[in-house]
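K.L.:
Using this note's numbering, the first residue of the sequence shown is number 8, and each one after it goes up by one. For every residue, glycine included, the Cβ atom is placed at its ideal position computed from N, Cα and C. Dumping the structure here so I can ask a few things about it.
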Amino acid sequence: MASRRTGSPDRHAFLTALATRVEEPLLTAGYKQVRLREGRPHLRLWLPMDHPLAGRTSYISLRAKGGELAFRHIIRTGSLDDSWRIVERLRQAYAERLAEALPDEAQVIWHTADDRANAANDQVRIVHTGGGYDDLDPDDAAQWVLAVCRVWLELLSDGLPDEIRTLAGG
Numbered sequence: 008m009a010s011r012r013t014g015s016p017d018r019h020a021f022l023t024a025l026a027t028r029v030e031e032p033l034l035t036a037g038y039k040q041v042r043l044r045e046g047r048p049h050l051r052l053w054l055p056m057d058h059p060l061a062g063r064t065s066y067i068s069l070r071a072k073g074g075e076l077a078f079r080h081i082i083r084t085g086s087l088d089d090s091w092r093i094v095e096r097l098r099q100a101y102a103e104r105l106a107e108a109l110p111d112e113a114q115v116i117w118h119t120a121d122d123r124a125n126a127a128n129d130q131v132r133i134v135h136t137g138g139g140y141d142d143l144d145p146d147d148a149a150q151w152v153l154a155v156c157r158v159w160l161e162l163l164s165d166g167l168p169d170e171i172r173t174l175a176g177g
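Printed below as a string of structure tokens:
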């Protein structure tokens, strides 16, 4: 039986295969780093270093469950109110364009830090229900991940609102 920390062997094999397929294209697209977190059930991505949301302010996590694949952009400014305001400004600036550009099976969930006890994090989740390791092969999952990650990076690179830059400390 797999330990809680390492997760399911199926999930680990799926994420390893997914990482192999997406790392080079995501680096080419402009992401700074793509890494499979050993002992953790997710891939972690970092925005380009010159991006105002890069570094300690945020990171991107790709998680897989049996029936779900999720892109999560976690915003962590040190203040839940500031993190919430950044996610809200992202929603206001990009929700419409994001909905038009994402794959059909993508569902965007804004403000997933629904309890104020969650320190200073808020996040944007883009979910593919029916897209986890029980449902998709790594090639199909990689296509979805690449589409979502490219769209997200293109939007964030296209005129980030000044308020987000200020809140992120940039």
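Report the CB separation of glutamine 114 from valine 134 in whole angstroms; it is logged as a contact under 8 Å.
P.N.:
5 Å
K.L.:
Buried or exposed for proline 110, going by 16 or more other Cβ atoms inside 10 Å?
P.N.:
exposed
K.L.:
Does the separation of the CB atoms of arginine 63 and leucine 50 fall below 8 Å?
P.N.:
no
K.L.:
Would you check if the region 134 to 148 and the region 84 to 97 touch, i.e. whether three or more CB-CB distances between them fall below 8 Å?
P.N.:
no
K.L.:
Measure the alpha-carbon distance for alanine 20 versus leucine 52 and round it to whole angstroms.
P.N.:
The alpha-carbon of alanine 20 is positioned some 18 Å away from that of leucine 52.
K.L.:
Could you tell me the boundaries of the alpha helix (DSSP H) in which leucine 153 lies?
P.N.:
145 to 163
K.L.:
At the level of alpha carbons, what is the spacing between glycine 137 and arginine 70?
P.N.:
13 Å
K.L.:
So arginine 79 and isoleucine 93 are in contact, right, with Cβ under 8 Å, and what is the actual spacing, rounded?
P.N.:
That pair is no contact at about 14 Å.
K.L.:
Let's see if you can read the secondary structure: which residues bound the alpha helix (DSSP H) around leucine 43?
P.N.:
Leucine 43 -> not in any alpha helix (DSSP H); beta strand (DSSP E) instead, spanning 40 to 43.
K.L.:
Going by alpha carbons, who is nearest to arginine 47 out of Lys72, Gly176 and Ile82?
P.N.:
Lys72
K.L.:
Using CA coordinates, which residue listed in Thr35, Ala77 and Arg44 is at the minimum distance from leucine 160?
P.N.:
Thr35
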